[in-house]
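One structure is given below, encoded as structure tokens.
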Amino acid sequence: MKKTKLINLLALFTIATLLLAACGQATTDPDETDTMSEENPSQQLPTLTPAADEGGESEGSQRLSGTSWRVENVTMANESFIPAQEMTVTFNPDGTLSGSNGCNIYGGGSYSEDGNQITIDMSVVEMTERACEQMIMTQGEQFIATMSGTHTVSLIEQTLTLTREDGSSVRLSAQMGDGGAAGGTMLAPQPLDGTRWLLIGYGADAATPVSGEVTLNFEQSMMSGSGGCNQFSAPYAVEEDRIVLTEQLNSTLMACADDALNQQEQAILAALNSMQSFSRESNTLRINYEGGVLEYMAVTSTAAELENQTWNVNSLIVGGDAAISMVQGSSITMTFQDGRVTGNTGCNEYFADYTVDGESIKLGPVGSTRRACPEGLGDQEQTFLELLSMVNRFTVEGPQLTLYADTLQLMVLTQPEAMP
């Protein structure tokens with residue numbers, strides 16, 4: 448009997464032990480896990496940024512942190528503009544912003560992201576106090592004002608759009624650096640930008656006369672021109688009294704009409720590749736190089752070259768470097784005559800008064816008819832009219848007319864047709 452009782456007790460003990468082990472392996476309630484993690488932060492799981500959905504948008508809580516963008520368009524009060532000078536914004540990892548409003552450098556402020564919304568406070572940004580043209584300053588102020596507030600975020604591929612509840616918006620494109628990462632910048636403006644020159648002598652003391660037309664132009668930190676047969680170009684910078692090519696000088700490879708022109712062009716290109724110093728006095732530019740001097744005289748366009756011609760827009764240039772070709776099958780025309788510019792956007796007629804002083808041109812308010820445009824032409828028309836309203840300078844080189852806002856290219860027109 449005693450032996451039977453002992454066996455029964457051992458059996459009960461074994462069963463109890465198995466039950467306790469089973470309880471220890473039971474799945475913990477998720478709510479209990481969350482409570483434990485909150486009480487002991489060291490047990491919390493890392494927060495992961497959600498993957499982008501099928502539409503290309505992410506709902507990550509800090510998806511803009513550390514990214515840099517260039518402003519393509521600002522819309523406020525049912526009006527929009529394309530920046531005449533480059534505007535940028537960087538969302539710094541510390542929650543502040545920095546960049547350029549087209550005139551001055553800014554930094555500070557704050558931003559916070561919540562799902563597909565971002566709240567930006569630009570009221571406390573610090574900014575340089577550089578004086579700019581009134582149009583540039585006004586655009587800069589409008590950009591800062593439109594960036595402030597709570598926005599809905601649309602992030603698709605390389606385009607970011609921030610839209611406030613009142614309909615105001617800022618459209619930006621990703622800035623790409625050398626390695627493809629965000630953060631690239633445009634070349635800084637240079638002192639010779641906006642000048643054009645014609646070579647009148649080269650060699651020892653610039654005593655060798657020039658055959659044909661040999662030109663040199665400086666625009667947006669790019670040096671370009673014609674060697675008499677071929678076109679050449681390279682980015683440049685001015686360092687004290689030197690013109691420094693920051694990349695190799697490139698040129699086309701057309702054959703010259705004769706050996707003499709070919710030898711002249713080769714000598715001039717070699718001189719440009721060995722520039723040592725330069726001096727500029729009034730309408731003369733002298734560039735010293737290894738073996739001699741290049742002497743140029745200033746070239747300016749005149750109203751006579753601009754007027755009484757019908758020009759066709761070849762390309763629109765957004766932000767100074769993004770050329771947009773015309774919608775296939777469309778054309779935009781422009782005629783300057785008797786103080787009035789007129790033309791067709793490919794959809795509507797437009798018109799404005801203008802005055803010319805040297806290469807400076809001042810346009811009055813631009814008016815247009817208001818016909819509905821086919822798909823694609825409406826956006827092209829809007830971009831063209833926005834750029835046209837910024838024009839304050841022009842150059843004419845042979846069959847090509849270029850319109851600028853200061854040194855910033857806005858559009859290129861070609862194929863002039865003489866009017867009767």
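Just so we're aligned, residue 448 is where the sequence shown starts under our numbering, counting upward by one.
The C-beta atom is built at its ideal place from N, Cα and C for all residues, glycine as well.
Bear in mind that the values here come from a model prediction, so they are computed numbers and not experimental data.
Name the residue from the options whose alpha carbon lies nearest to the alpha carbon of residue i.
| i | options | result |
| --- | --- | --- |
| Asp688 | Thr792, Pro682, Ile734 and Gln713 | Ile734 |
| Glu576 | Gln564, Cys550 and Ser601 | Cys550 |
| Ser615 | Gln589, Gln605 and Asn709 | Gln589 |
| Thr535 | Ala578, Asn548, Met523 and Asp541 | Asn548 |
| Gly641 | Met670, Gly825 and Val661 | Met670 |
| Val740 | Asn720, Ser748 and Ser729 | Asn720 |
Sorted by chain position, which residues of the same chain lie with C-beta nearer than 8 angstroms to residue i's C-beta, five sequence neighbours on each side aside?
| i | result |
| --- | --- |
| Gly814 | Tyr797, Phe798 and Ala799 |
| Thr699 | Asn677, Gln678 and Phe679 |
| Ser595 | Ile567, Asp568, Met569 and Ser570 |
| Ser591 | The question names Ser, but residue 591 in the sequence shown is Ile. Taken in chain order, the residues that qualify are Asn548, Tyr553, Met569 and Val572. |
With distances taken between CB atoms, is the gap from residue i to residue j smaller than 8 angstroms?
| i | j | result |
| --- | --- | --- |
| Leu857 | Tyr743 | no |
| Gln667 | Thr854 | yes |
| Leu619 | Trp516 | yes |
| Gly675 | Gly650 | no |
| Glu806 | Phe841 | yes |
| Asn788 | Gln827 | The question names Asn, yet the displayed sequence has Val at residue 788. No, the Cβ-Cβ distance between Val788 and Gln827 is not below 8 angstroms. |
| Thr780 | Trp758 | yes |
| Ser545 | Tyr558 | no |
| Gln637 | Ala684 | yes |
| Phe831 | Val760 | yes |
| Leu834 | Leu732 | no |
| Val838 | Leu810 | yes |
| Ala770 | Ala531 | no |
| Ala681 | Leu663 | no |
| Ser748 | Val661 | no |
Helix, strand or coil for residue i per DSSP?
| i | result |
| --- | --- |
| Asn735 | strand |
| Ile779 | coil |
| Asp640 | coil |
| Asn755 | coil |
| Asn563 | coil |
| Met391 | Shown here, the chain extends from 448 to 867; a query on residue 391 therefore has no answer. |
| Ala684 | strand |
| Asp853 | coil |
| Thr749 | coil |
| Glu828 | helix |
| Met837 | coil |
| Asn709 | helix |
| Met582 | helix |
| Leu602 | strand |
| Gly790 | strand |
| Leu716 | helix |
| Gln589 | helix |
Starting from the C-beta of residue i, find all residues in its chain whose C-beta is less than 6 angstroms away, skip the five residues before and the five after it, and write them out in chain order.
| i | result |
| --- | --- |
| Val884 | Within the shown structure, residues of the chain are numbered from 448 to 867, placing residue 884 beyond reach of any answer. |
(request) Assess, as a yes-or-no matter, whether the stretch 559-567 is touched by the stretch 515-535 under the definition of 3 or more beta carbon pairs within less than 8 angstroms. (result) no
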